[in-house]
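Visitor: Position in the sequence shown (from 1) plus 7 gives the number in my numbering.
Structure provided below as structure tokens; questions to follow.
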Amino acid sequence: MLKPLFYPESVAVIGASRTPGKVGHEIVGNMLNAGFEGKILPVNPFADEILGLKCYKEIGKCPGKIDLSIIAVQAPLVVEATISSIKAGVKAIAVTSSGFAECGKEGAEIQRQIAKLCSDAKIPLLGPNCFGVINTSIRLNASFSKHLPKPGGISVISQSGSLCSAMLDWASAHGLGMAKVVSLGNKADLNEVDFLESFAKDDETTVVVGYLESIKSGQEFLKAARAVTSSKPFILLRAGITKAGIWAASAHTGTLAGADTAYAAAFRHAGVIRVDGLDALFDCTAAFSTQPCPKGDKVAVITNAGGPAVLAADAVEQFGLTLAKIKEDHIELLKQQLPPAAIAYNPIDVLGDADPKRYSMAVDAAQDDEEVDAVIVILTPHSMTQPAETARSIAQKAGGDKPILMVLMGSDEARVEHIKIVDKNLPIYPSPGRAVAALSAMRKYQQWRSMPERVVTRFPVNLRLVERIVTRQLKANLMQVGEVETKEILRAYDFTVPDGGLAGSPEEAVDIAKRIGFPVAMKIVSLDVLHKSDVGGIKLGISSAEEVRDTFDLLSLRVGRRAPEARLSGIYIEKMATEGLNTVMGMVSDPRFGPILMFGLGGTFIDRLDTTSCYLAPVSGDEAMQMLLESRSYALLKDARGQADVDILAIVSGLQRISQLSTDFPHIKELNIDPYIVGRTGTGAVVVDARISLSRTDGE
Numbered sequence: 008m009l010k011p012l013f014y015p016e017s018v019a020v021i022g023a024s025r026t027p028g029k030v031g032h033e034i035v036g037n038m039l040n041a042g043f044e045g046k047i048l049p050v051n052p053f054a055d056e057i058l059g060l061k062c063y064k065e066i067g068k069c070p071g072k073i074d075l076s077i078i079a080v081q082a083p084l085v086v087e088a089t090i091s092s093i094k095a096g097v098k099a100i101a102v103t104s105s106g107f108a109e110c111g112k113e114g115a116e117i118q119r120q121i122a123k124l125c126s127d128a129k130i131p132l133l134g135p136n137c138f139g140v141i142n143t144s145i146r147l148n149a150s151f152s153k154h155l156p157k158p159g160g161i162s163v164i165s166q167s168g169s170l171c172s173a174m175l176d177w178a179s180a181h182g183l184g185m186a187k188v189v190s191l192g193n194k195a196d197l198n199e200v201d202f203l204e205s206f207a208k209d210d211e212t213t214v215v216v217g218y219l220e221s222i223k224s225g226q227e228f229l230k231a232a233r234a235v236t237s238s239k240p241f242i243l244l245r246a247g248i249t250k251a252g253i254w255a256a257s258a259h260t261g262t263l264a265g266a267d268t269a270y271a272a273a274f275r276h277a278g279v280i281r282v283d284g285l286d287a288l289f290d291c292t293a294a295f296s297t298q299p300c301p302k303g304d305k306v307a308v309i310t311n312a313g314g315p316a317v318l319a320a321d322a323v324e325q326f327g328l329t330l331a332k333i334k335e336d337h338i339e340l341l342k343q344q345l346p347p348a349a350i351a352y353n354p355i356d357v358l359g360d361a362d363p364k365r366y367s368m369a370v371d372a373a374q375d376d377e378e379v380d381a382v383i384v385i386l387t388p389h390s391m392t393q394p395a396e397t398a399r400s401i402a403q404k405a406g407g408d409k410p411i412l413m414v415l416m417g418s419d420e421a422r423v424e425h426i427k428i429v430d431k432n433l434p435i436y437p438s439p440g441r442a443v444a445a446l447s448a449m450r451k452y453q454q455w456r457s458m459p460e461r462v463v464t465r466f467p468v469n470l471r472l473v474e475r476i477v478t479r480q481l482k483a484n485l486m487q488v489g490e491v492e493t494k495e496i497l498r499a500y501d502f503t504v505p506d507g508g509l510a511g512s513p514e515e516a517v518d519i520a521k522r523i524g525f526p527v528a529m530k531i532v533s534l535d536v537l538h539k540s541d542v543g544g545i546k547l548g549i550s551s552a553e554e555v556r557d558t559f560d561l562l563s564l565r566v567g568r569r570a571p572e573a574r575l576s577g578i579y580i581e582k583m584a585t586e587g588l589n590t591v592m593g594m595v596s597d598p599r600f601g602p603i604l605m606f607g608l609g610g611t612f613i614d615r616l617d618t619t620s621c622y623l624a625p626v627s628g629d630e631a632m633q634m635l636l637e638s639r640s641y642a643l644l645k646d647a648r649g650q651a652d653v654d655i656l657a658i659v660s661g662l663q664r665i666s667q668l669s670t671d672f673p674h675i676k677e678l679n680i681d682p683y684i685v686g687r688t689g690t691g692a693v694v695v696d697a698r699i700s701l702s703r704t705d706g707e
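Structural data, given as structure tokens:
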């Protein structure tokens, strides 16, 4: 479908202009200057020639077949230009003009018309309001960019034309080559999914880089992204992050997740390397496009100054890597060849006056060490150092099976040599932290690629019971499922729930308490009260029949005073749960990506964002464990020996069962289990409180 866009043999430019600076003039000139191998056909009813090329009054007068029509006229004229292009038999259309949906209702209507015209004619449409398209393999520069980048393996998808220009300028300044560059514009037809599917199969593309402000179809995006990341890295900067409307503010499951949780979980699920700014986008692109991914997390740091070495060591730990333990024979070799004051341990300090030969020797020792998976070389300029020569000597060491990243701090001389150095496959960074961050991204991607095939466990459950409850709720237009019914659902999915019952009178409450045994907990049941504690609707540790009667009256009175409009269904009497770790787990359905699971610590940690972890459902057992291990919650579970003396498998099983429940019943919009009390290893976990929200439309 995209061949006419990326590999056209003939390109017509409707709106080609004789005036320099006009879009139509620049696109024609850029294609000429790039040496495009196909035919360029300017279309302008008022010109006979543009930049030495014969100009045609209308596209229908152009000779031969036309693969690509680039429309660069004002927005009100684009519909007519689109109709003319379709009649001329073009195979693809790109609209570079602005003034469409980004400018209001009138522009949006024009955009809708051209999208429908192209859809009816089965012609792919790029844009409108796009930067254009570049393919270096055929020297096609049908864009606003003045210069065609040199050929390489980086392909770019950007929702912003300006970001395309910035990426091209950066790549040119750093000597990196591009394969294909495309600006999506308003995405009236072609979007990120179409180009991801294309780049996944493109042999010329080795690294995909993206800038997106929105994603049209979450599930299609995930499928296309995984097709890319299964064979090549996909580095993505997503902007436009606002407060997520998908999370219910009333539930900790939602509020703990934060503003951009859905996208973060989706990108992790698909193996996308997500970055948070342009510097990180460039840093990761340089590393992935020039270096192999590390096979492990052990890093050797070579430096000529102590301060930057400390910064590097801190960054290595902060980004989840480790400093390699240099083997004794390599340490002895380094001691023999380095000056007496040098440090042969990691970080390896070759001293401030180190010349290229000394650096080269240290890099050789690190590369030869089996305990080293990656090398970071730091050079700070002194009057005795030779930055450019040193960088060139290290560049000659690159190209093996271990990545080498270099940090040049503050040297103008080195920056002048930068392009030549990177041509030899050595990415260079201005600070240790940025180099380590890029290396960490490479390591995480390698780990994702190495994960075993996903096997999602299906637990035996009571589907019919849950179907009856959900159907009954929806028929009654009750979107909030009460605690009693929610716990029935969780029991059907084999969660352990304390014995209990709903009482409508003090006498019923006493009978239930005697049946299940003291001590008990008593809680109000009302669909109008989301947080029982807010109205004093909970009392724990009740140990006698008399106290049960008194508590029934007390809780009823409190609700009447503090929430007079709340409808009280009764008081729930429940066996007190055994002691254990207070945790929270749940699910919320994102309209783009589907169910997202959350786990975190409860109690005093309930409002700490850094202790929660979120993953996209369905999850395998390995992913549920990884979800736990990646959260700071797990670190807080460990004792002095580094062991977690709680039933980790009960947490993992609970997450998998929530995952299955949420995928079995798409009408479940949100599930919140708080608290989920986890006992010691082997003793299981208990649902103490829980609630479910439904939606009439699946997943919305």
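Built from N, CA and C at the ideal position, the CB exists for glycine as well.
Near ASP290, what residues of its chain come up, given a Cβ to Cβ distance below 6 Å and the 5 sequence neighbours on each side ignored?
Guide: What you label residue 290 is simply residue 283 of the sequence shown in a count that begins at 1. These residues qualify, in order along the chain: ARG441 and ALA445.
Visitor: Between PRO11, TYR270 and VAL473, which lies nearest to LYS72 when the distance is taken from Cα to Cα?
Guide: The residue you call residue 72 lines up with position 65 of the sequence shown. Closest option to LYS72, Cα to Cα, is PRO11.
Visitor: Evaluate ASN484 with the Cβ neighbour count: other Cβ atoms within 10 Å of its Cβ, from every protein chain shown; 16 or more gives buried, anything less gives exposed.
Guide: The residue given as residue 484 occupies position 477 in the sequence shown. ASN484 should be labelled exposed.
Visitor: Hey, would you say PRO135 sits closer than 8 Å to GLY192, going by beta carbons?
Guide: Here residue 135 refers to the residue found at position 128 of the sequence shown. Here residue 192 refers to the residue found at position 185 of the sequence shown. Contact flag set, yes.
Visitor: Quick one: what's got a C-beta closer than 6 Å to VAL695's C-beta in the same chain, skipping five residues either side?
Guide: Here residue 695 refers to the residue found at position 688 of the sequence shown. So the qualifying residues of the chain are ALA584, PRO682 and ILE684.
Visitor: Quick check on LYS223: does DSSP put it in helix, strand or coil?
Guide: One-based indexing of the sequence shown puts residue 223 at position 216. In this structure, LYS223 counts as coil in the three-state DSSP scheme.
Visitor: For ASN353, is the beta carbon positioned less than 7 Å from some heavy atom of the ligand COA?
Guide: This structure simply doesn't include the ligand COA, nor any ligand for that matter.
Visitor: Kindly indicate which three-state DSSP category SER179 falls into: helix, strand or coil?
Guide: Looking up residue 179 in the sequence shown gives position 172. Residue state, collapsed to three classes: helix.
Visitor: May I ask you to list the residues that DSSP assigns as paired with GLY139?
Guide: Start at 1 with the first residue of the sequence shown, and residue 139 comes out as number 132. In DSSP, GLY139 forms a bridge with SER150.
Visitor: Whose C-beta lies closer than 7 Å to the C-beta of GLY313 among residues of the same chain, with five residues either side of it excluded?
Guide: Within the sequence shown, the letter at position 306 stands for residue 313. For GLY313, the CB contacts under 7 Å within the same chain, skipping 5 residues up- and downstream, are ASP356 in chain order.
Visitor: Rounded to whole angstroms, what is the Cα-Cα separation between ARG456 and PRO52?
Guide: The residue labelled residue 456 in the question sits at position 449 within the sequence shown. The residue labelled residue 52 in the question sits at position 45 within the sequence shown. In a straight line, the C-alpha of ARG456 is about 55 Å away from that of PRO52.
Visitor: Of the residues VAL517, ALA573, PRO301 and ARG569, which one's Cα is nearest the Cα of GLU554?
Guide: Start at 1 with the first residue of the sequence shown, and residue 554 comes out as number 547. Of the candidates VAL517, ALA573, PRO301 and ARG569, the one whose C-alpha sits nearest the C-alpha of GLU554 is VAL517.
Visitor: Roughly how far, in whole angstroms, is the beta-carbon of VAL80 from the beta-carbon of ILE21, given that I think they are within contact range, below 8 Å?
Guide: Taking the sequence shown and counting its residues from 1, one reaches residue 80 at position 73. Taking the sequence shown and counting its residues from 1, one reaches residue 21 at position 14. The pair is a contact, with the Cβ atoms about 6 Å apart (cut-off 8 Å).
Visitor: DSSP three-state label for PRO363, please.
Guide: Position 356 of the sequence shown, counting from 1, holds the residue named residue 363. Correct three-state label for PRO363: helix.
Visitor: Taking the C-alpha atoms as reference points, what is the distance between PRO354 and MET413?
Guide: Locating residue 354 in the sequence shown gives position 347, counting from the first residue. Locating residue 413 in the sequence shown gives position 406, counting from the first residue. Approximately 14 Å between the Cα atoms of the pair.
Visitor: For a quick check, are the C-beta atoms of SER150 and GLY217 less than 8 Å apart?
Guide: Counting from 1 along the sequence shown, the entry for residue 150 is found at position 143. Counting from 1 along the sequence shown, the entry for residue 217 is found at position 210. Not closer than 8 Å, so no.
Visitor: PHE600 and LEU635 - do their beta-carbons sit closer together than 8 Å?
Guide: Sequence index remark: in the sequence shown, residue 635 carries index 628 (1-based). Sequence index remark: in the sequence shown, residue 600 carries index 593 (1-based). Result no, Cβ atoms of LEU635 and PHE600 do not sit closer than 8 Å.
Visitor: In whole angstroms, what separates the C-alpha of LYS482 from that of ALA231?
Guide: Locating residue 482 in the sequence shown gives position 475, where the first residue counts as 1. Locating residue 231 in the sequence shown gives position 224, where the first residue counts as 1. Rounded to whole angstroms, LYS482 to ALA231 spans 37 Å at the Cα level.
Visitor: Does the stretch 37-55 come into contact with the stretch 164-180, if we say contact requires no fewer than three beta-carbon pairs (one atom in each stretch) closer than 8 Å?
Guide: Touching, no.
Visitor: Which parts of the stretch 17-67 are runs of the alpha helix (DSSP H), unbroken and 4 residues or longer, counting only runs that do not cross its ends?
Guide: DSSP runs (the alpha helix (DSSP H)) wholly in the stretch 17-67: 30-41.
Visitor: Is it right to say TYR352 is buried, meaning 16 or more other beta carbons lie within 10 angstroms of its own, or is it exposed?
Guide: Here residue 352 refers to the residue found at position 345 of the sequence shown. By the 16-neighbour rule on beta-carbons within 10 angstroms, TYR352 is exposed.
Visitor: I'd like the list of long-range same chain contacts for HIS276, defined as Cβ closer than 6 Å, with 5 residues on each side in sequence excluded.
Guide: Against the sequence shown, residue 276 aligns to sequence position 269. The answer, listed in chain order, is LEU623.
Visitor: Considering only the alpha carbon of each residue, which of LEU197, ILE66 and SER144 lies closest to LYS123?
Guide: Numbered from 1 along the sequence shown, position 116 holds the residue referred to as residue 123. Among LEU197, ILE66 and SER144, the Cα nearest to that of LYS123 belongs to LEU197.
Visitor: Measuring CB atoms only, is the stretch 12-32 touching the stretch 144-162, in the sense that at least three cross pairs come out at less than 8 Å?
Guide: yes
Visitor: Quick check for students: name the residue ranges of the alpha helix (DSSP H) that lie wholly in the stretch 531-574, counting only runs of 4 or more.
Guide: 552-569
Visitor: Shortest alpha-carbon distance to SER669 belongs to which of ARG465, VAL86, ALA41 and VAL527?
Guide: Along the sequence shown, read from residue 1 onward, the residue named residue 669 stands at position 662. The shortest Cα separation from SER669 among ARG465, VAL86, ALA41 and VAL527 belongs to ARG465.
Visitor: Helix, strand or coil for THR392, going by three-state DSSP, please let me know.
Guide: Counting from one through the sequence shown, the residue named residue 392 turns up at place 385. It is coil, neither helix nor strand.
Visitor: For GLY720, which of helix, strand or coil comes out of DSSP?
Guide: What the structure shows of the chain is the stretch from 8 to 707, and residue 720 is not part of that stretch, so it cannot be assessed.
Visitor: Is VAL443 helix, strand or coil when you go by DSSP?
Guide: The residue given as residue 443 occupies position 436 in the sequence shown. Of the three classes helix, strand and coil, the one that applies to VAL443 here is helix, per DSSP.
Visitor: Relative to the C-alpha of GLU378, which residue among ALA528, VAL306, PHE206 and SER576 is closest?
Guide: For the purposes of this step, residue 378 is taken as the residue at position 371 of the sequence shown. Comparing Cα-Cα distances from GLU378 to each of ALA528, VAL306, PHE206 and SER576, the minimum goes to VAL306.
Visitor: By Cβ distance, which residues of its chain are closer than 7 Å to LEU547, with the 5 residues on each side in sequence left out?
Guide: Residue mapping note: residue 547 aligns to position 540 of the sequence shown, counting from 1. So the list reads ALA528 and MET583, once near-sequence residues are dropped.
Visitor: Can you name the start and end residues of the beta strand (DSSP E) that TYR579 belongs to?
Guide: Here the question's residue 579 lines up with position 572 in the sequence shown. Run containing TYR579: 577-582, per the beta strand (DSSP E) assignment.
Visitor: Alpha carbon to alpha carbon, what distance is there between GLN453 and ALA258?
Guide: In the sequence shown, the residue the question calls residue 258 occupies position 251. In the sequence shown, the residue the question calls residue 453 occupies position 446. Confidence at ALA258 is low in this model, with a pLDDT of 38, below 50, so its placement is unreliable and the value that follows should be read with caution. When rounded, the distance between both Cα atoms is 36 Å.
Visitor: Which partner residues does ALA277 have in the DSSP bridge list?
Guide: The residue given as residue 277 occupies position 270 in the sequence shown. Beta-bridge pairing links ALA277 to no other residue.
Visitor: Skipping 5 residues on each side, what residues in its chain have a beta carbon closer than 6 Å to that of ARG450?
Guide: Here the question's residue 450 lines up with position 443 in the sequence shown. Excluding sequence neighbours, ARG450 sits near PRO301 and ASP304.
Visitor: Among the candidates ASP501, PRO315, GLN374 and LEU330, whose CA atom is the shortest distance from the CA of GLY359?
Guide: Here residue 359 is taken as the residue at index 352 of the sequence shown, counted from 1. Answer by Cα proximity: PRO315.
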